[in-house]
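> Numbering (numbering that gives the first Met the number 0), first residue to last: 0 to 554.
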Amino acid sequence: MKKTKILILLIIPLLLSLSLSGCGKEPAPEDNQAEAETSLAEVSIVKTKASDKIETELNLSGVIKPSGRVNLISLNSGTVSAAPEAVGSQVRIGQPIAFLFNEITESNYNTALSNLTNAQISYNSLKSSAEGTVFQAELALDKAQRALELAENNYQNQSRLTEENLDNAFNNAIISTGSALDTVYLSLNSLKIVLDDSLSDDLGSIINLVDQAKISLNKAETLYNQIIEASLTQANVETQLNLTTEAGKETQLLADYIIKALNKIPISNDFTQTAKDSLISSVFSRQSSLSSSQSALQTAKQNLASIKVSNQLTLDSYLNAKNNAAIDLQNSQTALSNARQSSDNQIASAETSLRRAENEMTQAQIQKNRLTITSPLNGVLSDLNIEVGDEVSVGQNLGEVAQVKAMEIEVEIAPAIASVLTIGQKVKVNQNQEGVIGVINPTGGQASGKVKVKITLDNQNNDFVAESFATVNLPVSLPASTPETMTVPIKSVYLSADSAKVKIVEDNKIKTVTVETGRTIGELIEITGGLTEGQLVITEGAGFLADGTEVKIKE
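1) Can you tell me the Cβ-Cβ gap for Ile279 and Ile264, rounded? I've got them flagged as a contact below 8 Å.
2) Please look up how many angstroms separate the CB atoms of Ile412 and Val428, rounded, as I've assumed it's under 8 Å.
3) Does the Cβ-Cβ distance between Val391 and Leu99 come in under 8 Å?
4) Does DSSP classify Glu151 as helix, strand or coil?
5) What do you get for Gln89, buried or exposed, if any count of 16 or more other CB atoms within 10 angstroms of its CB means buried?
6) Identify every residue that forms a DSSP beta bridge with Lys64.
7) I need the straight-line Cα distance from Val502 to Thr442, nearest angstrom please.
8) With H, G and I counted as helix, E and B as strand and the rest as coil, what does DSSP make of Pro95?
9) Within 10 Å of its beta-carbon, does Ser284 have 16 or more other beta-carbons around it, so buried, or fewer, so exposed?
10) Over the uninterrupted beta strand (DSSP E) stretch that includes Gly443, give me the two end residues.
11) Going by beta carbon distance, what residues of the same chain come within less than 6 Å of Asn31, once the five residues before and after it are set aside?
12) Pairs of beta-carbons, one from the stretch 119-131 and one from the stretch 330-345, closer than 8 Å: are there three or more?
13) Alpha carbon to alpha carbon, how far is Ala417 from Val62?
14) State whether the stretch 281-297 contacts the stretch 156-164, with contact taken as three or more CB pairs (one from each stretch) at a distance under 8 Å.
15) Assuming Asn101 contacts Gly77 under a Cβ cut-off of 8 Å, what Cβ separation, rounded to an integer in Å, is found between them?
16) Out of Leu353, Ile372, Leu376, Ile206, which one is the CA nearest neighbour of Asp91?
17) If you reduce the DSSP assignment to three classes, tell me which class Arg145 lands in.
18) For Glu60, which residues from the same chain have a beta carbon less than 8 Å from its beta carbon, with the 5 sequence-adjacent residues on both sides left out?
19) Alpha carbon to alpha carbon, how far is Gly394 from Glu357? Give it in angstroms, no decimals.
20) What number of angstroms, rounded off, separates the C-alpha of Ala405 from the C-alpha of Gln459?
21) Which of helix, strand or coil does DSSP assign to Ile192?
22) Rounded to whole angstroms, what is the Cα-Cα separation between Leu149 and Asn156?
23) To which residues of the same chain is Ile489 closer than 8 Å at the C-beta, ignoring the five residues directly before and after it?
24) Among all the DSSP beta bridges, which residues are the ones paired with Tyr493?
25) If I follow the unbroken beta strand (DSSP E) through Thr421, where does it start and stop?
26) Starting from Gln402, follow its DSSP beta bridges and name the residues at the other end.
27) Measure the alpha-carbon distance for Lys248 versus Lys218 and round it to whole angstroms.
28) Using three-state DSSP, classify Asp255 as helix, strand or coil.
29) Quick one: what's got a C-beta closer than 6 Å to Gly93's C-beta in the same chain, skipping five residues either side?
30) Need the endpoints of the alpha helix (DSSP H) that Thr313 sits in, please.
31) What residue range is occupied by the uninterrupted alpha helix (DSSP H) comprising Leu208?
32) Can you name, in chain order, every residue of its own chain whose Cβ lies under 6 Å from the Cβ of Ala334, other than the five neighbours on each side?
33) On the DSSP bridge list, what partners appear for Val487?
34) Does the stretch 170-189 come into contact with the stretch 232-248, if we say contact requires no fewer than three beta-carbon pairs (one atom in each stretch) closer than 8 Å?
35) Apart from the five residues on each side of it in sequence, which residues of its chain come closer than 7 Å, Cβ to Cβ, to Ser447?
36) In whole angstroms, give me the CA-to-CA distance for Ile174 and Gln286.
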């Protein structure tokens, strides 16, 4: 019953519409032509044009990713004691994200710190002591150097004084010798007169004495003549002094012989007692002068010898002092060298211990620092998979920090297109945003043969969201295969295994044309043959229309 009602309701409107249409008048011819034009299929076309350059825009897509992601890898084991940052937090490089506690690490750190402190104290103390020893040795060396300089100066001064004293002694000896020679000379002349005039050879009682007196006279004269032949100098004064002494002795002996002879001569009218006494007195006077000169010579000789000995002893004393000072200096130099060597060895040993303690402290500090998990870069804590109380092992991944202030999109393009791109080239992202080409891989992928290109995005204003989908519009301009090459949208080409065809509009009708194709560049494909410049290639609307079908071109 319900189906019958529904059928009646459907038939009534149909009958009404038929009756109404039949009541109208017959259509005019102009209306038929307009209706025919309205019923034509509409197609979109492009006009072919030859060019030596292909300019297009590649529409690519990719996933926005942070420019940097770094896993938080634990480099020490321990228990999570704190995790102050939550996922999504902005973090700075070096900012703590989590803290671990490890009793062994803490103990090792405290031990290393104590050892380092003790090593530093020991090193400083030993260094101070060693440097003090060296300083004392340096003072001793300086003192020894000054003592040697003083001893050398004293020795030189004493040498000058000794030379002066010796010069004086030599001069005194020369004077004494000269004076004694004068005495000898005068005495010889006086005694010779007495001998020649008063003691004649005919006195038989004194003949022997006279002969002996003459012998002494000859010796004394010979010595005197020998002495006066050479000038008195410091070089020969000692020899001359001895010769003068000998001459004086012979002259004294001559006087003795004369006195003895005079005493034996008898008194006579020709030789009175008075004359005799006078001669003897004059000879005695000469003897007295000779004795005085001999004493002076002996004194000069003794003084010269004494000064020589005294000078030598004094110089030897000063020389010994100088030599001892030189030995002290050498000993001080050796002591300083030994002190420095010992100091260097001790300091080197202490320094080795200190460096070892510092190295142990460095290692302990590194392990302690590793108990603090810090951000490796400025970014966002994108993942954290630990909680307070969790046990963490070495090498465990604790989370991730992402660099979101700079994002990137990776797309793949043909090598031919990649060759005309440049680093820093600007591209559109999501139609209204901008990026720049940051990386162009120099090699294509083994599987795809395409080149990977990274687009860098400035995300300082947080315009992009990581892991979201984005479109990239990449403007491309590259040389055509030939100057006569034309390009059409790839969607207008019907490709098969052995041919490529396009549909064109010719006299407002569809016509299929076989073409030769070249490279595919984004959404364009090169036509290298089969078309001429100015033809209208259908891009849309002719998929199921046969050749000869009249069509209308979309405005």
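Every residue gets a Cβ at the ideal spot worked out from N, C-alpha and C, and that includes glycine.
Just so you know, these numbers come straight off a predicted model, no measurement behind them.
Let's see:
1) Actually they do not touch by this definition, with Cβ atoms about 10 Å apart.
2) No, Ile412 and Val428 are not in contact; Cβ-Cβ is about 15 Å, not under 8 Å.
3) yes
4) helix
5) exposed
6) Glu407
7) Here residue 502 turns out to be Lys, not Val, going by the sequence shown. Computed Cα separation, rounded: 38 Å.
8) strand
9) exposed
10) 432-443
11) The predicted model places Asn31 with a pLDDT of 49, which falls under 50 and marks its position as unreliable; any figure quoted below should be read in that light. If we look at Asn31 and ignore the five residues flanking it on each side, it has no Cβ neighbours.
12) yes
13) 20 Å
14) no
15) 4 Å
16) Reading off the sequence, residue 91 comes out as Arg, not Asp. Per the Cα distances, Leu376.
17) helix
18) Note that residue 60 is Ser in the sequence shown here, rather than Glu. Closer than 8 Å at Cβ, skipping near neighbours: Val410, Phe468, Ala469, Thr470, Val471.
19) 26 Å
20) 7 Å
21) helix
22) 10 Å
23) Thr519, Glu522, Leu523, Ile524
24) Lys500
25) Note, Thr421: premise wrong, no beta strand (DSSP E); not H, not E.
26) Gly67
27) 10 Å
28) helix
29) Thr373
30) 272-368
31) 206-228
32) Ala136
33) Ile524
34) yes
35) Glu411
36) 20 Å
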